[in-house]
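First comes the structure, then the notes that go with it.
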Amino acid sequence: MSETQSLRAWLLTDTPTSRRHAKFAAAYQGWLSFRSNTMAMIGLWILIFLVFVAIAAPILAPHDPFEQTLANRLQGLNADGHILGTDSLGRDILSRLIYGSRITLFIVGLVALIAPITGLLVGTVAGYVGGWVDTILMRITDIFLAFPRLVLALAFVAALGAGIENAVLAISLTAWPPYARMARAETLTIRSSDYISAIQLQGAGPLRIITKHIWPLCISSLIVRVTLDMAGIILAAAGLGFLGLGAQPPSPEWGAMISEGRRFILDSWWVATVPGLAIFTVSLAFNLLGDGLRDVLDPKDAET
Amino acid sequence: MTLLDVENLWVKFPSRHGVFVAVRGVSFTLGKERLGIVGESGSGKSLTGRSILRLIRPPGIMTADHILLEGDDLMTKTERDMRAVRGQRISMVMQDPKFSLNPVMTIGAQIMEAYMLHNAVNKKAAYAKAIEMLEAVSIRAPERVMRSYPHEMSGGMGQRIMIAMMLIPNPQILIADEPTSALDVSVQRQVLDIMDTLVKDRGMGLIFISHDLNLVADFCDRVLIMYAGRIVEVCDADKLREAKHPYTRGLLNSLPRLDEPRARLEVLQRDPAWSEAPSVSGRI
Amino acid sequence: MSMLSVENLNVWFGHGRDRVDAVKDATFAVARGESFGLVGESGSGKSTILRAITGLAPDWSGNITVDGKEIGKRREKAFFKTVQMVFQDPYASLHPRHSVDQVLGETLYLHGFTDIDTRVVNLLDDVGLGAKFRFRYPHQLSGGQRQRVAIARALAPAPEILLLDEPTSALDVSVQAEILNLLADLRTEHGLTYVMVSHDLSVVGHMCDRLAVMKDGEIVEIMDVATLRNMQATHPYSQHLLQASL
C-alpha cells in the first residue's frame, strides 16, 4: 500500500528529478484526466477487447470460420451450438466475426499509419516552407479532396485490383488530404509564434524546427482526428468489402459478410445484422476514444 | 446611499488536486462612487467582479450571504431574472474590446441592436440615439464610425464604443475590468476621463478593477486591495500611497519611479500570514 | 567603438499597395556595456527594430553593425552567439510541450556545447531558479518563472548583446521588480549590452542609460536618462509621453 502511495506521489510531483521522471509524470497526469472521462474509457475498453479477441481468435472461435456445412446453412441464433447462427454456406458467424476482427485491425492499423503520416509531412512542410512549395503541395491536396472518398477509392481498387491490401492503400490515399490541410493550418499558427522565433534565433534549421517543434504540437490533434476518422475508415473498408472490391471470399471481412447476408436479409436477418452491429460498436468505440483523447491531448485546453 | 452590498462572497473551483478557493469571504458596499479593486493576477479581483453578475461558470461554485442591488438580493434570483439584471442594471466593460464586439457587424448595427433590445423604439430613433451615445464618448465623426467594423477601430476607439454600448440601458452600476490595460498611456487618460464624466453625470456606481496602483490611486475614490482571494486593506484612494499593509507597501515600492531612481527595486517578500488572515470588510 | 549600430534602418511589411513602413530611417548606436532603451506607443515600430536586427523581420534596408561587423541579409551562426533576444510574453515564448531541460539543452546543443548537463544547471542557477526546475514543463511554471527560463535560454550561448522586447509587460509589478533586478545583475556579471524596448517610461528610466523615443516608425529624440528624469525632453511628443506616464 505504502509503495503504491509513494509511486503515486512520485508520479504526481511538481518537481521531477530526471528526464524520465518528468516524462512518466506527464504521461500519468494525462492518463488521470483521460481516466476521468467515462465514455472514453468505455471506448478504450471496447478496443482493448477487440485487440484481445483478434490475438486470441484461434482459442476463442468455437468453429473453423471457413468450414462449410451446406446442410447447416442459415441456422438461427443459438441453434445447434452456433451462438450467432450460420451463414448461407453454413459457416459459423461468431467464428467468422472473431477472425474478421483481425482484418478490421489490420485495415485500421495500416490506414492509421499511412494517412496521417503522409498528411503530416505534406501539411507541415507546405505550411512552414510556404511560397511555391506550399502552392504545389496544397493544389495536389485539393485535387485529392475534390473527389468523393469512396469513388476515388473505387477507382484506385479498380486500377490496382481487388483485395484487402489494395483496399487499404486506396483508403489511405483518399484519407490523407484532410490531415494535410489540418497540419498546414496548425503549422501556420505555430510558425508565427514566439517560441519558433526563439529557436530560429538559436540558428536552428527548418528540418529541426519542423520535426522537433512543429510535429509534437500537430501530432496530438492529428491523433484525435485519426481516432474520430477511424469509424469512417472501417465503414469505407466495409463499403469496399460490401461492393466486392475489398476482401475477397472466403475472407471473413465484416463488410463482405454483410454483403453476403444481404440476399437473405428478410428471412435470416442475423446474417447481415451481426457483422453490422460489430462495425457499429467498433466505430462507436473509436469515436468515444477520440473524444476523450481530444480532452487530454489538445494543447489549447492543456494550456489552462 | 448604498447601491450594492456584497456579504461574505466565496468562489471555489473543485479540481482533481482538491478545491481551489479563488475568493475568500469578501464583503463590501458600493455607493455612488468609484470603487477600485487592485491586486495582482490570481488575487481574485476579476472573479469578484464577475460574481456580482453571477457569471461564474461551472465547475466554479460561488456562494454569498447576499448580494443586494438596491435591496434586491441577486443570489435568490433565477438565471432568467439575472439576464434582466445583466446589462440593464449592472453593465460590464472588459479588457479587450475586440473580443466583446461582433466582428461581422458594423458598429452602428451593434449599438442600435443593443438600444432597441432595451427600448421599444424604431430604427430611426435608435440611430439618432446611437449617434448621440458616440458623441457622448467623444467620438468625432460618429456617422463614419457607425458604418465601420470593429477591426477598423483602434484599441482606444473600441473601448470607447464598448463604454457607449454598456451605458445605453442606463445601468446603476458599471463594472470595468482592466478597461485600459490594453491601451497606450496617452489614450488611457482619455478613456478614463470619458468614463469618469459619464459615471458622474448619471450618478452611477463604478467598480474599477485594475492591477495598476497608480492608476487606481488617481482615478478612484476608495480602493480595496486584494491578495490571494482576500481583501487585505481598504483605504481612500488619495491615501493609497500611505497604505499600511505590508503587501500594499511592497507593491508600491516594487514600482520603478522616474523621480526616485534606485539601483535595485524592492522585491516583495510574501508573508503566508497575509493569505490566512480574515478578509477585511470593505463596507462603509 | 559601438557594440551595436543601426544606420538609416527602414523596415517594411508587405509589397506594393499593401506595403506598410514600420520603421523609417532609424539611426542609433549602443556602446559596449551600455543599456539602451526604445520607447514608444504600440505601433511605433520599436519592437520591429529588434526583429529586424535579429532577422525575424526579413524586409529591411540600411546598415546594422554588430561589434564592428556589418550584418548581411542572412544571419550566420556566429551572429546568434553574439546577439540574443528575450520576448515579451513568457506564455508564448516557450514551447508548450518542451520541458525546461529540453529548451535549454537544445539551445546549448545548437550552439555546439558538449557539457550540456552542467551548463543547464548553471544557467538555471544564474537566473535564480535552481536545478529543481529543470524537468518542469511551462504549464507548471508561473509567469515570472517562465520569463526566467526565457532569459536563461537567451543567455545560453553566452551572448554579448541582449535584446529585450518588453520583458516585463506581461508580468505583475512585484514580479516585474524581480525580473528587472535579475536583468540588472546579469548585466553587471556578464558585461552585457542591452537594448530594451518598452512602453513604460519608468521601466526604461530604471534600466537604461540612454533612450530613443519613437513615434510612427521614426526616432523623434535620443536622450540620456538624466534628461528624462529632469523632464528636459525637447520634442513635444516625448514631453507628452512623459506627462502621460507620471
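Chains as they are written, first to last, in the working numbering: chain A, 1 to 304; chain B, 1001 to 1284; chain C, 2001 to 2246. Cβ atoms here follow ideal geometry from the backbone N, Cα and C, with glycine treated the same way.
Using only alpha-carbon positions, find the residue among the options that is nearest to residue i.
| i | options | result |
| --- | --- | --- |
| B/I1225 | B/M1001, B/I1131, B/V1026, B/A1176 | B/V1026 |
| A/A26 | C/G2040, C/H2098, C/G2068 | C/H2098 |
| C/N2008 | C/F2133, C/I2219, C/L2141 | C/I2219 |
| B/K1098 | B/R1160, B/E1132, B/V1023 | B/R1160 |
| C/S2035 | C/K2215, C/L2186, C/M2214 | C/L2186 |
| C/A2226 | C/P2236, C/V2204, C/Y2237 | C/V2204 |
| B/Y1149 | B/G1282, B/K1124, B/I1111 | B/I1111 |
| A/S95 | A/P177, A/G163, A/P250, A/F280 | A/P250 |
| C/Y2091 | A/D194, A/R184, A/A56 | A/D194 |
| B/T1106 | B/L1174, B/D1096, B/R1147 | B/R1147 |
| B/V1187 | B/L1174, B/E1033, B/R1202, B/G1155 | B/G1155 |
| B/S1281 | B/T1029, B/P1256, B/V1011, B/Y1127 | B/T1029 |
| C/L2004 | C/V2195, C/K2077, C/G2130, C/V2120 | C/V2195 |
| B/D1238 | B/V1019, B/E1079, B/F1020, B/R1034 | B/R1034 |
| A/I140 | A/L60, A/F66, A/P177 | A/P177 |
| A/S172 | A/V271, A/L217, A/M230, A/K212 | A/M230 |
| A/A54 | A/M138, A/A115, A/P252 | A/P252 |
By the three-class DSSP mapping on this structure, what secondary structure does residue i have?
| i | result |
| --- | --- |
| C/D2117 | helix |
| B/G1282 | strand |
| B/C1235 | strand |
| C/A2152 | helix |
| C/S2035 | strand |
| C/M2231 | coil |
| B/D1005 | strand |
| B/K1200 | helix |
| A/P187 | Contrary to the premise, residue 187 of chain A reads as Thr rather than Pro in this sequence. Reduced to three states, the DSSP call for A/T187 is helix. |
| C/E2166 | coil |
| B/E1276 | helix |
| C/D2021 | strand |
| A/T304 | Low local confidence applies: a pLDDT of 37 at A/T304 is under 50, so the model's placement there is unreliable, with the coordinate-based value given in what follows. DSSP places A/T304 in coil when its eight states are reduced to three. |
| A/R8 | helix |
| C/S2198 | strand |
| A/P299 | Low confidence applies to A/P299: its pLDDT is 46, below 50, so where it sits in the model is not reliable, and the reading given next is rough at best. Reduced to three states, the DSSP call for A/P299 is helix. |
| A/L150 | helix |
| B/N1122 | coil |
| C/W2012 | strand |
| A/E253 | coil |
| C/E2160 | coil |
| B/R1230 | strand |
| A/P178 | helix |
| C/E2007 | strand |
Taking the continuous beta strand (DSSP E) assigned at residue i, which residues delimit it?
| i | result |
| --- | --- |
| B/F1020 | 1018-1030 |
| C/L2094 | Careful: C/L2094 lies outside any beta strand (DSSP E) and carries neither H nor E. |
| C/F2135 | Run containing C/F2135: none; DSSP gives neither H nor E here. |
| C/L2211 | 2210-2215 |
| C/T2065 | 2060-2066 |
| B/L1206 | 1205-1210 |
| B/R1222 | 1222-1227 |
| C/V2083 | 2083-2086 |
| C/E2218 | 2218-2224 |
Considering residue i, what are the terminal residues of the alpha helix (DSSP H) in which it resides?
| i | result |
| --- | --- |
| B/R1264 | Unbroken run through B/R1264: none, as it is neither H nor E. |
| A/W269 | Unbroken run through A/W269: none, as it is neither H nor E. |
| C/D2172 | Element bounds for C/D2172: n/a, residue is neither H nor E. |
- Query: Which residue spans inside the region 54-142 of chain A form an unbroken beta strand (DSSP E) run of at least 3?
  - Reply: Counting only unbroken stretches of 3 or more residues, no beta strand (DSSP E) element lies wholly within the region 54-142 of chain A.
- Are the region 29-44 of chain A and the region 280-291 of chain A touching by the rule of at least three beta carbon pairs closer than 8 Å? Output reads yes: the region 280-291 of chain A touches the region 29-44 of chain A.
- Can you list the alpha helix (DSSP H) stretches of 4 or more residues lying completely in the region 1034-1113 of chain B, in chain order? 1045-1052, 1079-1085, 1097-1100
- Message: With three or more C-beta pairs closer than 8 Å as the rule, is the region 257-264 of chain A touching the region 103-112 of chain A?
- Response: no
- Item | Segment contact flag, the region 146-154 of chain A with the region 113-122 of chain A, C-beta cutoff 8 Å, min 3 pairs | no
- Taking three-plus beta-carbon pairs below 8 Å as touching, is the region 149-168 of chain A in contact with the region 237-245 of chain A? yes
- Unbroken alpha helix (DSSP H) runs of length 4 or more, entirely within the region 1134-1173 of chain B: which are they? 1142-1147, 1155-1167
- Message: For the region 1256-1271 of chain B against the region 1056-1075 of chain B, do three or more pairs of beta-carbon atoms, one drawn from each stretch, fall closer than 8 Å, so that the two count as touching?
- Response: Touching, no, given that fewer than three Cβ pairs across the two stretches are closer than 8 Å.
- Query: Looking at C-beta atoms only, is the number of pairs between the region 1115-1127 of chain B and the region 1151-1159 of chain B that lie closer than 8 Å three or more?
  - Reply: Between the region 1115-1127 of chain B and the region 1151-1159 of chain B, the count of C-beta pairs closer than 8 Å stays below three; the two stretches do not touch.
- Is the region 1028-1045 of chain B touching the region 1078-1089 of chain B in the sense that three or more CB pairs, one from each, lie closer than 8 Å? Judged by Cβ distances under 8 Å, the region 1078-1089 of chain B makes no contact with the region 1028-1045 of chain B, as fewer than three pairs qualify.
- Message: I'd like to know if the region 2093-2107 of chain C and the region 2037-2056 of chain C are in contact, where contact means that at least 3 CB-CB pairs between them fall below 8 Å.
- Response: Flag = no, the region 2093-2107 of chain C and the region 2037-2056 of chain C do not touch.
- Message: Does the structure place the region 1213-1225 of chain B close enough to the region 1021-1040 of chain B that three or more beta carbon pairs sit under 8 Å?
- Response: yes
- Message: Tell me whether the region 2134-2151 of chain C and the region 2168-2186 of chain C touch, counting them as touching only if at least three CB pairs, one residue from each stretch, are closer than 8 Å.
- Response: yes
- Is it a yes or a no for the region 175-193 of chain A touching the region 125-143 of chain A, going by three-plus beta-carbon pairs under 8 Å? yes
- Message: Check whether the region 2154-2167 of chain C and the region 1244-1253 of chain B touch, using three or more Cβ-Cβ pairs below 8 Å as the test.
- Response: no
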